[in-house]
Amino acid sequence: MSAVLELARLSKSFGGLRAVSEVDLVIEEGQIFGLIGPNGAGKTTIFNLVTGIYPPTAGDVRFLGKDLLERRVAVLGARARKPYQITRLGIGRTFQNIRLFANLTALENVMTGLDAHSEVGIVRSMLRTPLQRREELTTATRARELLEFVGIGQYANELAKNLAYGDERRLEIARAMGTNPKLLCLDEPAAGMNPSEKAGLMQLIGKVRDEGITILLIEHDMRVVMGICDRIAVLDYGQKIAEGVPEEIQRSPRVIEAYLGVREAEEAPPMEGADG
Amino acid sequence: MAAAAARAGDVRSGIRLRFRAQPVWVQALLVVALLALAASLPHVLPPLTERSNYYVAILFKVGLAALLAVGLNVVVGFAGLLDLGYVAFFAIGAYTYAILTGAVAFTLAQRERLPNAVELIPEFHLYSWLIFFVAMAIALLAGVILGAPTLRLRGDYLAIVTLGFGEIVRLVANNLRGVTGGPLGVKSIPHPAINLGGLHYDFSINNNPYYWLTLILIGIAIFLVTRVNDSRVGRAWAAIREDEVAAAAMGVPTVRMKLLAFATGAAIAAIAGVIYASQVIFVSPRTFSLLDPTFGSFIVLAMVVLGGMGGIWGPIVGAAAMVFLPEYFRFLGDGRFLVFGAALVLIMIFRPQGLIPSRRRAAELTGHDIREATLFDVQHGETPS
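Going down the list, the protein sequences come from chains P and Z.
Numbered per our numbering, the first sequence spans residues 123 to 398.
Numbered per our numbering, the second sequence spans residues 181 to 565.
As structure tokens, then:
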């Protein structure tokens, strides 16, 4: 087993606010890795740092041994990879607040993801060369397979915005899988789902992992997190306060404190945490 | 009313599906028939009306406007970039033709009463046809130069910058006297001609050949633009229009794709500019003001919006309406613009999706689900449910 994603002393400040502070994480291949923490703990910020939405203030992100920040000796200084380049390297993502292409069909949504690795450009599209037609057909076929995989094959020609909420979440996963990721980042995929939808989602996430895709999961729902994650890290105020297998996390006093608070009388000096 | 719109949409998508289900040669035949019908109009009109020249002149204007609208639709309708300086590329095309045919040099020499001015009278040579490609290349370049720094902007900010660009090009044409002829304009721009061995054809002052040329170019533009829109590039444009952040996260190189849309639109506008200059044989910076009643940026944008963004036929119908309506109300004198404006407002109130909306746009605005099988389904014999 090798590390898919490594964060080393990763930090991000917005003005005076330290959203993420010296976080170290190692995610192994084939894991479902949960990232939890109270609201505002910095979970989504970590996602955005990994997927290149904004550059970190300090620290490193390594993906499959490659430095994602690509420090070129350029006139303009260090240049981070752009989000689309990171996607093409093999990091797919979904969004906390669903961001589908609402007026495209489900099939077209997934095809857009698959296009990340297509080859033909504008000239060959104008000429509609045999290669272009072949590629379109492969893309459409694969998109159908992915829709079937996440269980919404019957809605292929439905506009994305007309799908039921749970199906929109599934479509986001299918679209992200289209980019052929090694690592799939899911940002609160179970938010707003009812218990049966959640159960279905957990099953789906397991299926995705069985395809050989490592998963980084942000989730609030403890039953989902504890149910499917191999390993969990807990963030609070931008710092990692605990990491371990689900049982360890459930027992960790620091975690319980972060989520529930402590009685004043019991207020204890800061502990070492349950790291390792 | 929403129901009626949806029914109209069903009929149209029915036509589209049936058209696409035909073998390629039937499709080609239908398109050729349609083009032939449009092309024969200058010959159909004379028996019907005594003012056939007038109508062909309007047809030519409609054609040019339609070409511009098809180009702007790539930028605004497909990629969702609000470009308010589109007239700049039209101007670049027109001025490229005026400069390269030597009309500017002649105009300046004559204005300064140089003795050799007569020798400079511009002529059209066979190689002058290459100017079409040069103009396209220059407009592409201008599109990229304008786009590279500005396409990082979004929405309103992009609109403001492009608005400024449109004005800058006009002001440059106005003030760079030595290159563009300055505010007095350029005259004696040569008409195109074909001189190939025994074949001689002079486009001269008659409207017909320009109308036919425009028709051919619209045909080519539609053909290519439709194909691009039906491909991976078109999907990327649609994705950017829908949600740029999500598009980037799905591996779409957003800046490059936006540049591509911008440059495509620019190239089409430049072609229209070349034809315009070659027919009117006089250009001045005033023609390219934002508010020009026929080819100004706002008017072309109105054509696209009025006709229906994001489709293919919408912008063309919009162009026809925007050119015909003011002509139709000409008997009202200047009052026609009042009527014209009122008509625009009414259309936008009662048909916000445009006269011929693309299926997506219609669904977006009416909240109506217009289902349509994709090309892929038709090819595989599935029927839309």
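Every residue, glycine too, gets a C-beta built ideally from N, C-alpha and C.
Neighbourhood of residue i by C-beta distance below 7 Å, restricted to the same chain and skipping five residues each side
i	result
P/Ile175	Pro205
P/Met324	Val346, Gly349, Ile350
Z/Leu393	Ile455
Z/Ile536	Gly487, Gly488, Gly491, Trp493, Gly494, Val497
P/Thr179	Ser133, Lys134, Ser135
Nearest to residue i (by Cα), restricted to the options the options
i	options	result
Z/Ile448	Z/Ile272, Z/Leu264, Z/Asn386	Z/Ile272
P/Arg250	Z/Phe403, Z/Tyr266, Z/Pro329, Z/Arg466	Z/Phe403
Z/Ala219	Z/Val236, Z/Lys438, Z/Phe270	Z/Val236
Z/Val212	Z/Val460, Z/Leu395, Z/Met502	Z/Leu395
P/Leu306	P/Glu379, P/Val377, P/Ile208, P/Phe136	P/Ile208
Z/Gln459	Z/Leu306, Z/Leu244, Z/Leu535	Z/Leu244
P/Gln361	P/Val272, P/Phe136, P/Gly159	P/Gly159
Z/Gly377	Z/His305, Z/Phe530, Z/Leu294	Z/His305
Z/Pro473	Z/Val242, Z/Ser308, Z/Leu397, Z/Gly251	Z/Val242
P/Glu150	P/Arg292, P/Asp352, P/Val377, P/Arg376	P/Asp352
Z/Trp309	Z/Thr281, Z/Leu331, Z/Met528	Z/Thr281
Z/Arg334	Z/Thr434, Z/His380, Z/Gly251	Z/Thr434
P/Leu253	Z/Ser411, Z/Leu440, Z/Gly453	Z/Ser411
P/Arg221	P/Asp309, P/Val126, P/Gly156	P/Asp309
Counted within 10 angstroms of its Cβ, other Cβ atoms place residue i as buried (16 or more) or exposed
i	result
Z/Ile374	exposed
Z/Pro203	exposed
Z/Ala446	buried
P/Ile168	buried
Z/Phe468	buried
P/Gly199	Caution is warranted here: a pLDDT of 49 is assigned to P/Gly199, below 50, making its placement in the model unreliable, and no coordinate value can be reported.
P/Ala312	buried
P/Leu382	exposed
P/Arg256	exposed
Z/Asp514	exposed
P/Ile363	buried
P/Gly187	exposed
P/Ser247	buried
Z/Gly265	buried
Z/Asp328	Strictly speaking, residue 328 of chain Z in this sequence is Ala, with Asp absent from that position. With fewer than 16 other Cβ atoms within 10 Å, it is exposed.
Z/Arg350	buried
P/Leu139	exposed
Z/Leu210	exposed
Terminal residues of the beta strand (DSSP E) in which residue i lies
i	result
P/Glu144	139–150
P/Arg215	213–215
Z/Tyr456	Z/Tyr456 -> not in any beta strand (DSSP E); alpha helix (DSSP H) instead, spanning 434–460.
P/Ala125	125–136
P/Ile363	361–366
P/Phe185	180–185
P/Gly156	154–158
Boundaries of the alpha helix (DSSP H) in which residue i is found, first to last residue
i	result
Z/Phe403	388–409
Z/Phe517	516–530
Z/Asn354	335–355
Z/Ala219	204–219
P/Tyr277	Taken as a continuous stretch (DSSP letters only), P/Tyr277 belongs to no alpha helix (DSSP H), as it is neither H nor E.
P/Asp332	317–332
P/Ile350	344–350
P/Asp237	No alpha helix (DSSP H) holds P/Asp237; DSSP gives it neither H nor E.
Cβ neighbours of residue i in the same chain (closer than 6 Å, five flanking residues each side left out)
i	result
Z/Ser384	His371
Z/Asn233	none
Z/Thr444	Val254
Z/Ala500	Val242
Z/Phe240	Asn387, Tyr390, Tyr391
Cβ-based neighbour list, residue i, same chain, cut-off 8 Å, excluding 5 preceding and 5 following
i	result
P/Leu229	Ala262, Ala265, Arg266, Leu269, Ala278, Asn279
P/Gly428	Outside the displayed span of chain P (123 to 398) sits residue 428 of chain P, for which this structure offers no information.
Z/Ala523	Leu505
Z/Ile238	Val503, Phe504, Glu507
Any non-hydrogen atom of the ligand SAM within 7 Å of residue i CB
i	result
P/Leu326	Looking for the ligand SAM in the displayed structure turns up nothing, as the structure carries no ligands at all.
Legend entry - Three CB pairs or more closer than 8 Å across the region 245–264 of chain P and the region 423–436 of chain Z: By the criterion of at least three beta-carbon pairs nearer than 8 Å, the region 245–264 of chain P is not in contact with the region 423–436 of chain Z.
Inset, instruction - Please determine if the region 297–304 of chain P and the region 314–329 of chain P are in contact, where contact requires at least 3 C-beta pairs separated by less than 8 Å. - result: no
Inset, instruction - Evaluate the contact criterion for the region 299–311 of chain P versus the region 208–222 of chain P: three or more CB pairs, one atom per stretch, below 8 Å. - result: yes
Legend entry - Segment contact flag, the region 333–340 of chain P with the region 367–379 of chain P, C-beta cutoff 8 Å, min 3 pairs: no
Inset, instruction - Assess, as a yes-or-no matter, whether the region 132–142 of chain P is touched by the region 161–173 of chain P under the definition of 3 or more beta carbon pairs within less than 8 Å. - result: yes
Inset, instruction - Evaluate contact between the region 229–247 of chain P and the region 403–415 of chain Z, counting only Cβ atoms and requiring at least three cross-stretch pairs below 8 Å. - result: yes
Legend entry - Validate contact between the region 267–281 of chain Z and the region 500–509 of chain Z using beta carbons, cut 8 Å, 3 pairs: Per the Cβ contact rule, the region 267–281 of chain Z is not in contact with the region 500–509 of chain Z (fewer than 3 Cβ pairs under 8 Å).
Inset, instruction - Take every Cβ of the region 354–368 of chain Z, pair it with every Cβ of the region 286–305 of chain Z, and state whether three or more of those distances are shorter than 8 Å. - result: yes
Inset, instruction - Check whether the region 247–266 of chain Z touches the region 289–305 of chain Z, taking contact to mean three or more Cβ pairs, one atom from each stretch, closer than 8 Å. - result: no
Inset, instruction - Specify whether the region 352–360 of chain P and the region 143–157 of chain P touch according to this definition: at least 3 beta carbon pairs, one from each stretch, less than 8 Å apart. - result: yes
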